[in-house]
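FYI, this note's numbering numbers position 41 of the sequence shown as 142, with every residue one higher than the one before it. A quick write-up on the structure given underneath.
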Amino acid sequence: MLAAAAALALVAVSTAPAAAYAPVGVVHTERVQAGPYAITVGFSEWPLRAMQSLDFTFAPADGVAGKSGTLTLDGPGLDADDRESPLGRHPRKRDVWGLDVQALPEPGTFSFTFDIDGPAGHGRGTLRNVGVLDQPGPPLAISWTVCAIPPVGMLAYLAVGWRRNKPSEKVATLI
């Protein structure tokens, strides 16, 4: 009984760190003044590239408590639904606002506009001229073509096997 309890405790202790989320690694920051609020915008990758998932963090100098706001993105390739969103807590860094695993759709120049309401009143500020480079790796058409080869090969293999075995004839002879 003691050995089973020790084994269970060992398993519980060893799996706890593996289940934890990796922290957000901010490698570049920019400052924005939104009225009375100073905001530090953090990026988990720099320079930014189109179609590359990354984390954005938005940290007011005096914290997010008692504040709310919206983020408006402006840049090429954005849908109307993606342009404006309420500022919400980052899922892995709960003390700041942020976007988790977000990708910008096309290369070009983007701007991030913050509208913040808080104890010091309303503030609006824009981080302009955020350059987004071309997508890393090969073009999407080549990537999808290479990724489609295994499923197409499997379907061809199954079709040839089906035709050679003629399962409908075997079922007919059984009946």
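Yeah, the Cβ is synthetic: ideal placement off N, Cα and C, and Gly gets one too.
Is the beta carbon of THR210 closer than 8 Å to that of PRO187? no
So, for PRO161: in the same chain, excluding its five sequence neighbours on each side, which residues have a beta-carbon less than 6 Å away from its beta-carbon? TYR138 and ILE140
Give me the DSSP bridge partner(s) of GLU185. THR173
Helix, strand or coil at TRP282 [DSSP, three-state]: No answer is possible for residue 282: the residues shown for the chain start at 102 and end at 276.
What do you reckon, are the CB atoms on PHE159 and TRP198 nearer than 8 Å? yes
Less than 8 Å between the beta carbons of VAL125 and ASP156, yes or no? yes
Could you check whether the segment 259-267 touches the segment 235-250, counting it as contact only if at least three pairs of C-beta atoms, one from each stretch, sit closer than 8 Å? no
Look up SER212 in the DSSP assignment and say whether it is helix, strand or coil. strand
Which residues in the same chain have their Cβ closer than 6 Å to the Cβ of LEU149, if we skip the five residues on either side of it in sequence? VAL233
Which of the three DSSP states, helix, strand or coil, is assigned to VAL272? helix
So what's ALA119 in DSSP terms, helix, strand or just coil? Residue confidence for ALA119 is low, a pLDDT of 46 falling below 50, so the modelled location carries little weight; the figure read from the coordinates is stated next. If DSSP states are grouped into helix, strand and coil, ALA119 belongs with the helices.
With distances taken between CB atoms, is the gap from GLU207 to ALA151 smaller than 8 Å? yes
Residue(s) in a DSSP beta bridge with TYR138: ALA135
Applying the 10 Å Cβ sphere with the 16-neighbour rule, what's the burial state of ILE243? exposed
Can you list, in chain order, the residues of its chain with a C-beta nearer than 6 Å to that of PRO177? Leave out the 5 residues immediately preceding and following it. GLU207 and GLY209
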